[in-house]
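Input: a single structure, listed below in structure tokens.
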Amino acid sequence: MIRSQLLAVVRDLLVHEGPHAVTLEAVAHRTNVTKGGLQHHFRSKQALLDALSEQLFEEFEQSYDRALQQEADTPGRHARAYIRTCFDGQADCNRVDTQRAIGLLALTSPACRERWHATMQAALAADGPDADTANLLLVCRLAGDGFWFAQMLDVYELGAQRQADLLALLLKLCGGGARP
11 MIRSQLLAVV
21 RDLLVHEGPH
31 AVTLEAVAHR
41 TNVTKGGLQH
51 HFRSKQALLD
61 ALSEQLFEEF
71 EQSYDRALQQ
81 EADTPGRHAR
91 AYIRTCFDGQ
101 ADCNRVDTQR
111 AIGLLALTSP
121 ACRERWHATM
131 QAALAADGPD
141 ADTANLLLVC
151 RLAGDGFWFA
161 QMLDVYELGA
171 QRQADLLALL
181 LKLCGGGARP
């Protein structure tokens, strides 16, 4: 329980004040925990950021796994699940504060970038050996990423119907059925 409270404060500091604001002192102060109590759970600022990164990966992976289980085992399955995850407004990994935390960690942490890279490389491998199909699925994934980043930055005002239409179009391009 205390661990999740500490990570919630780290996420809040990171998103609202920036990486420089995440200090052991600031986290301890905001959670009314002694610095020694905090260090019982996390020895350093980097340990806090690594734990938050791990938590965010778990949230993404849970959403992705749920979407993957709902997809038929046909070509494009992994790309469709990924795109569904990007568009899932109910998923923890798509809350704006979470998106911003992921973005900031990816920009500032080489270990986080490396993990995302490895995760995406494994996902791309599931798209199969045919170059044309793999390229089409990558274009769809990139569109899903663009949607995700646009939501994070509040770039476009897209109503629910337009979002559903874009999702359906991307799923169709990935060889998916009509189920949005």
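As numbered in the working numbering, residues 11 to 190 make up the sequence shown, in order. We put the beta carbon where it would ideally sit given N, CA and C, even for glycine. Only a predicted model underlies this, so the values are computations on that prediction, with no experimental measurement involved.
Does the beta-carbon of H88 have 16 or more other beta-carbons within 10 angstroms, so that it is buried, or is it exposed? It counts as buried.
Please classify T33: does DSSP put it in a helix, a strand, or coil? DSSP places T33 in coil when its eight states are reduced to three.
Contact between the segment 83-97 and the segment 126-139 (3+ Cβ pairs under 8 Å): Touching, yes, given that three or more Cβ pairs across the two stretches are closer than 8 Å.
Rounded separation between R13 and G46 - CA only: Distance between the alpha carbons of R13 and G46: 14 Å.
Other residues of its chain near I112: CB distance less than 6 Å, five sequence neighbours each side excluded: L66.
If we ignore side chains and look at the alpha-carbon of each, how far apart do K182 and P120 end up? Going by C-alpha positions, K182 is about 35 Å away from P120.
For N42, the nearest candidate out of L179, Q15, S73, T118 (CA to CA): Of L179, Q15, S73, T118, the smallest CA-CA separation from N42 is found for Q15.
Does DSSP classify C184 as helix, strand or coil? If DSSP states are grouped into helix, strand and coil, C184 belongs with coil.
Could you pull out every residue in the same chain whose Cβ sits closer than 7 Å to the Cβ of R94, ignoring the five residues on either side in sequence? A77.
Flag this pair as touching only if the segment 71-85 and the segment 162-172 have three or more C-beta atom pairs under 8 Å; answer yes or no. Verdict: no, contact absent.
Can you tell me whether A132 is buried or exposed, with buried defined as 16 or more other CB within 10 angstroms of its CB? Exposed, since its Cβ has fewer than 16 Cβ neighbours within 10 Å.
Answer with buried or exposed for L179, where buried requires no fewer than 16 other C-beta atoms within 10 angstroms of its C-beta. So L179 ends up on the exposed side.
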